[in-house]
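So the sequence shown is numbered by the UniProt record's numbering: it starts at 1 and just counts up by one.
Yeah, the Cβ is synthetic: ideal placement off N, Cα and C, and Gly gets one too.
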Amino acid sequence: MNNRWKGLLEVVEVLAVALILSLVVRTFILDNRIVPSGSMLPTIQLQDRLLVDKLLFKFRTIERKDIVVFHPTPSSGEKDDLVKRVIGLPGEKIEIKNGQVFVNETALEENYLLDKPDYQYGPVTVPADSYFVLGDNRPASNDGHRWGFLPKVNITGKVWVRYWPLSSFGKLDK
């Protein structure tokens, strides 16, 4: 085989390995999301670009205030994956009244909200293997207060890093 074909074969091999690695990373480790709505304002802005850790919840449990990406439930009326904050864990009693979220009758401190909720909800108990999720922009979010509980199996990962815009680059913690 002459050098020209040998060089071309090497390029094809490198591209194939890169493609396979990219597919493995996107399928099992990290995913990319562009935020299509303002439901998580002010924490996450419209059109922010996020990296989602798809492995974390295989090694640790989902915690209150984690920001998660998930496949919507049929009752949500949504088609595309959503981004919301975990508020209620399995077995917890959730109630929203007078602009305040209560977990097991204790007011939840939420310094990340754009506006307080302008609705009442509950009290309800989060079923086993499910979570109660809300958007940070409570009045404008299609979330658990409208469509109920989120099964654990629907959760695909935890929002890890905002990488765009660069001026907002950083880890998204609780």
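Beta-bridge annotation (DSSP): P151 is paired with S130. V133 is positioned such that its CB atom lies no closer than 8 angstroms to that of I94. Proximity to L51 across N3, A140, G91 and T27 peaks at T27, based on C-alpha coordinates. Taking all protein chains shown into account, R60 has fewer than 16 neighbouring C-beta atoms within 10 Å of its C-beta and is therefore exposed. Shown here, G157 sits in a strand according to DSSP, grouped into three states. Annotation for R4: the continuous alpha helix (DSSP H) segment containing it runs N3 to V24.
In the DSSP annotation of this structure, the continuous segment of the beta strand (DSSP E) that includes Y121 starts and ends at Y121 to T125. The C-beta separation of G148 from S75 comes to about 6 angstroms, placing the pair in contact by the 8 angstroms criterion. An exposed status is given to D80, since fewer than 16 other beta-carbon atoms sit within 10 Å of its beta-carbon. Rounded to whole angstroms, the separation of the alpha carbons of L21 and P151 is 30 angstroms.
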